[in-house]
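Participant:
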Amino acid sequence: MSPLARHDLLTVTPGAWSRVLAGRPDLAEIPHLAGWAERGWPVIARRRGPGEDAGLVAAGLPLPPALGKRRIGLALDPGSVTPRPGLTLTEAGGAAPAAWHPTIAALVAHGAAHGCVPRVFGGLLWQALTGLPYLSDTSDLDLLWPDSLDRAFLAHASLDRAFLGGLARIAGPAPMRLDGEICLPDGFAVNWRELHAAGPDEAVLVKGLLRLELRPVAALRAALSPAA
Numbered sequence: 002m003s004p005l006a007r008h009d010l011l012t013v014t015p016g017a018w019s020r021v022l023a024g025r026p027d028l029a030e031i032p033h034l035a036g037w038a039e040r041g042w043p044v045i046a047r048r049r050g051p052g053e054d055a056g057l058v059a060a061g062l063p064l065p066p067a068l069g070k071r072r073i074g075l076a077l078d079p080g081s082v083t084p085r086p087g088l089t090l091t092e093a094g095g096a097a098p099a100a101w102h103p104t105i106a107a108l109v110a111h112g113a114a115h116g117c118v119p120r121v122f123g124g125l126l127w128q129a130l131t132g133l134p135y136l137s138d139t140s141d142l143d144l145l146w147p148d149s150l151d152r153a154f155l156a157h158a159s160l161d162r163a164f165l166g167g168l169a170r171i172a173g174p175a176p177m178r179l180d181g182e183i184c185l186p187d188g189f190a191v192n193w194r195e196l197h198a199a200g201p202d203e204a205v206l207v208k209g210l211l212r213l214e215l216r217p218v219a220a221l222r223a224a225l226s227p228a229a
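Read the sequence shown against my numbering and you will find it ends at 229, with the numbers running on by one and no gaps.
#1: I need the straight-line Cα distance from residue 71 to residue 91, nearest angstrom please.
#2: What residues in its chain sit with their C-beta under 6 Å from that of residue 179, if we drop five residues either side in the sequence?
#3: Within this structure, are the beta carbons of residue 219 and residue 208 separated by less than 7 Å?
#4: Measure the CB-CB distance between residue 120 and residue 87 and report whether it falls below 7 Å.
#5: If you count every other CB in all the chains shown that lies within 10 Å of the CB of residue 115, and 16 or more means buried, which is it?
#6: Which term fits residue 147, buried or exposed, when burial requires 16 or more other beta carbons within 10 angstroms of its beta carbon?
#7: Do residue 38 and residue 58 have their CB atoms nearer than 7 Å?
#8: Could you tell me which of 79, 25 and 7 sits nearest to residue 45, measuring between CA atoms?
#9: Under DSSP, the beta strand (DSSP E) around residue 207 begins and ends at which residues?
#10: Give the list of continuous alpha helix (DSSP H) stretches no shorter than 4 residues that lie fully inside the region 69 to 143.
#11: At the level of alpha carbons, what is the spacing between residue 41 and residue 124?
#12: Contact defined as beta carbons within less than 8 Å: I believe residue 185 pairs with residue 48. What is the distance between those atoms, to the nearest angstrom?
#13: Among the candidates 76, 81 and 108, whose CA atom is the shortest distance from the CA of residue 89?
#14: When you compare only the Cα positions, how much space is there between residue 224 and residue 26?
#15: Check the DSSP bridge columns for residue 181 and list the partner residues they point to.
#16: Rounded to the nearest angstrom, how far is the Cβ of residue 176 from that of residue 101, given a contact under 8 Å?
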């Protein structure tokens, strides 16, 4: 299996899922879990915790707010999981509240103008995938820019101050908080708000599947330039 990045989705074979649940009595009474894999619903790659088996795939599954928003950590056999594509904002947009639709349209157009396609994560992703009520009145809209499943976008995307400034202008009047990350060529990602607010001589936090790092803003902007 190819190396995973944060927010990558994985489908689990139903047989392996049943074995995992059999070894986790703490999950026995949680609704929807028994048939999760049979429905084709995925889990998501996560950072491995200290002492976890490096030979297993660290994955997670967030429960809806009605079930306490618990984040379930799983360790899966590599042979039991298959990476699957995430959802673009256009693909997931139908599961969003009607009040979000104008903002979603503006974000899709903004991405197209800069040569990139936003992918969703967070509540909208899980609501679109499962049909379960993950979104509430206080939910954020979480996006990945550009779509990290297609690294070719990075060679052409104009992820510069105009791009970040445009995001900020869309976020201002939006009915939800617009959050998310810009994906880097090495699999790390940086929060777009933090990058937009940071000065050229500052450093910001970047997140990878294995670790966190502080990186200079100037280096990040260079990595995300069309010439990079």
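Backbone N, C-alpha and C fix where the C-beta goes; we use that ideal spot for every residue, glycine too. Computed from a predicted model, the values in this text were never measured in an experiment.
Facilitator: Quick answer:
#1: Residue 71 and residue 91 have their alpha carbons spaced roughly 27 Å apart.
#2: By the criterion of a C-beta distance shorter than 6 Å, residue 179 is surrounded in its chain by 142 and 172, once the five residues flanking it on both sides are discounted.
#3: No, the pair does not count as a contact, with Cβ atoms beyond the cut-off.
#4: With respect to residue 87, residue 120 sits close: the two C-beta atoms are nearer than 7 Å.
#5: Burial call: buried.
#6: It counts as buried.
#7: Contact: no.
#8: Minimum Cα-Cα distance from residue 45 among the listed residues 79, 25 and 7 corresponds to 7.
#9: It spans 204 to 208 - the beta strand (DSSP E) in which residue 207 sits, taken as one unbroken run.
#10: As far as the region 69 to 143 is concerned, its whole alpha helix (DSSP H) runs of at least 4 residues are 90 to 93, 102 to 114 and 124 to 131.
#11: Residue 41 and residue 124: Cα-Cα distance of roughly 18 Å.
#12: Cβ atoms of residue 185 and residue 48 stay farther apart than 8 Å, at about 16 Å.
#13: Of the listed residues, the one whose Cα sits closest to residue 89 is 108.
#14: Cα to Cα, residue 224 sits roughly 46 Å from residue 26.
#15: DSSP lists 144 as partners of residue 181.
#16: Rounded to whole angstroms, the Cβ separation of residue 176 and residue 101 is 6 Å, and the two are in contact under 8 Å.
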